[in-house]
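The sequence shown begins at 1400 in this note's numbering and counts up by one. Cβ atoms here follow ideal geometry from the backbone N, Cα and C, with glycine treated the same way. Worksheet for the structure shown next.
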Amino acid sequence: MNSTPCRLGSLSLVLWLAACQPASPTDSINGLVYCAEGSPETFNPQLVTSGTTIDAISQHLYDRLLDIDATSGALKPALAHSWQVSADGLSYRFKLRQDVQFHHTTYFSPTRALNADDVTFTFNRMLLVDHPFFQTATEYPYFDSIDWRQRIQSVTALGSDEVEFRLNQPDSSFLSVLATDFAAILSAEYGYALVQSNQKAQLDLLPIGTGPFMFREYQKDVLIRYYRHPAYWREHGSLAQLVIDIVPDNTKRLAKLLTQECDVAPIPRLAELQMLSNRADFRVDQQTSMNVGFWAFNTQKAPFNQVKVRQALALAINKPNILQAVYFGQAEEATSVLPPNSWAYRKDAAADSFNPEKARQLLQEAGYPNGFNLDIWAMPVQRMYNPNAQKMAELIQADLRVIGVRARIVSYEWNTFRRKLGQGEHDSVLIGWSADNADPDNFLRPLLSCAAAVSGSNRANWCDEQFDQFIASALQTTDVPQRRSYYLAAQQYLQEQMPLVPIAHSKRFQVKNSRVQGVSINPYGGISFVHAGKTP
């Protein structure tokens, strides 16, 4: 663009765009528009680990057996009203709520309420190779990353309202897994109807759940439209309609907020937050969130298979500079993949000091006195753990130039980016993770285990038997001090091996129109509009 507004500062451009926008056609007290940063990859949380997709679908369409208390992090009943664990830690029995209704839509009308068959259908899909939907998806990335098929012996209905999970070995993180957004309960009746009509792919594209909203419409890269689930089993807010407006560009999202075309949006840039905070018609929420932004090296490629090379790259980047330029000081420098508010955080871990001289020495010892070429993959979307991956890549590129490493910045459209990343085409990548529960395992196993390297959520493609043993030992006990000792050892080992460089733990921000009520930030990720409403 060569127009005058393009030469204005970014905030001035936003104000100019807002002034040119028409009045919002969605200004109804019974409807709400959430401006999201990208399109979902699917409408089934089992099939993704992407926060963009989870935010768009999971808590709107589905429920889980258990929920997480947003204040304490404790597990609490959801579709299961109670549960029992056997003395040996190998059997978990769940009693289900009565009269929980599935969605009635234009494409499916259920004839019964939720029962145990829906739970066994949901989890056996990922467990049993003869399940009719096992092979309709190529992978189940979160569940694959935690060895679901190796850890779960069986999932069995003991009656219409009781389900038993049998484990092959004790797993102290098991209940937390069932509370994640990935563990959404599907409709078995809908699934088998699709089998009969030879339309199995629709299970993941035209969703049926028990959540507070029902699927109505999806236009890729444009919007998702949900309608209120009138028979929802929990207390519901006043919204009759929820629209996810897909707006990848941050400037355009802010413009839509200012013109009231958008009611709620994640806006992490400091200048925008300050401007909106000073307006009476907006409220800015912030929360210390359990997340980490990091730079991962593809350890299956040379020279990133050498520890000294990875250590050198870690020492070459100026993290305090990144925190100021990318996060505007609204993040804490990371010394571990675990954030400081995790009960297993290693408090005595020292930050990787910025030391280009030491980095050059390590490169020489590794056989690269003249440096080498590498690609830095930068996310095309804005996430809470990295609000501007392109800017971060440029800063790292400049830092690496000092030690003789020549970096090229690579990016793609988001779904293409994730697909190529999963295929291991990258040299290194700037990405991150947001926790779905308070258990330390939710960071360490999906990000860095050997199983996660196979499933694709381990962006370092790093498989290390010693690290996996630390994690396995921690899962074998429910004693918190003992578990913590294993996690502390795992973090120490990660700092030595450096498969990825933890960069920042960011605050999570959300901006909403002052008329919006009942929408708050969850420190465990996702977003819920079940209690949302708007004042006249």
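Beta-bridge partners of residue i, as assigned by DSSP
i, result
"P1901", "F1693"
"L1829", "W1694, A1777"
"D1684", "Q1909"
"G1430", "Q1640"
"Q1916", "G1932"
"S1490", "R1565"
"W1482", "F1493"
"T1876", "Answer is none; T1876 lacks a bridge partner."
"Q1618", "L1622"
"V1554", "F1564"
Integer Cβ distance of residue i from residue j, believed to fall under 8 angstroms
i, j, result
"A1749", "S1735", "About 11 angstroms; that fails the 8 angstroms criterion."
"P1898", "A1859", "4 angstroms"
"A1910", "L1656", "One detail in the question is off: residue 1910 reads as Val in this sequence, not Ala. Contact flag correct, Cβ pair sits at about 6 angstroms."
"K1718", "F1753", "7 angstroms"
"A1715", "L1773", "Incorrect: roughly 11 angstroms between the Cβ atoms, too far for contact."
"N1398", "Q1710", "Residue 1398 falls outside the range modelled here, since the chain spans only 1400 to 1935, and no answer is possible."
"A1931", "G1917", "5 angstroms"
"R1970", "W1742", "Residue numbering for the chain in the displayed model covers 1400 to 1935; residue 1970 lies beyond these limits and cannot be assessed."
"F1442", "L1464", "No, F1442 and L1464 are not in contact; Cβ-Cβ is about 20 angstroms, not under 8 angstroms."
Exposure of residue i, with buried meaning 16 or more beta-carbon neighbours within 10 Å
i, result
"G1766", "exposed"
"L1602", "buried"
"V1879", "exposed"
"D1684", "exposed"
"G1925", "buried"
"P1839", "buried"
"Q1673", "exposed"
"N1597", "exposed"
"T1448", "buried"
"L1675", "buried"
"V1691", "buried"
"A1600", "exposed"
"T1537", "exposed"
"T1470", "exposed"
"V1528", "exposed"
"K1933", "buried"
Close Cβ partners of residue i (< 6 angstroms) along its chain, the five nearest in sequence each way excluded
i, result
"G1472", "A1837"
"A1695", "V1828, R1858, A1859, L1899"
"D1580", "P1444, I1453, S1457, D1835, G1925"
"S1553", "R1565"
"Q1729", "K1906"
Same chain only: Cβ atoms within 7 angstroms of residue i, ignoring 5 sequence neighbours per side
i, result
"R1615", "R1624, Y1625, Y1626"
"F1520", "L1585, A1587, G1590"
"H1628", "H1502, G1610, P1611, F1612, M1613"
"E1764", "K1707"
"Y1617", "I1623"
Cutoff 8 angstroms: residue i Cβ touching any chain C Cβ
i, result
"Y1625", "Among the chains in the structure shown there is no chain C, since it carries only a single protein chain."
Contact set for residue i: own chain, Cβ-Cβ below 8 angstroms, skip 5 residues either direction
i, result
"T1403", "Here T1403 scores only 32 on pLDDT, less than 50, and its place in the model is too uncertain to base an answer on."
"I1802", "A1711, A1715, P1755, A1758, R1759, L1762, G1770"
Three-pair Cβ contact test at 8 angstroms for the region 1722-1740 versus the region 1785-1799
yes
Should the region 1587-1594 be regarded as contacting the region 1499-1512, the criterion being three or more beta carbon pairs within less than 8 angstroms?
yes
Just checking, does the region 1859-1877 make contact with the region 1645-1653 on the three C-beta pairs under 8 angstroms criterion?
no
Quick test of the definition: if touching needs 3 or more C-beta pairs under 8 angstroms, does the region 1537-1553 touch the region 1473-1483?
no
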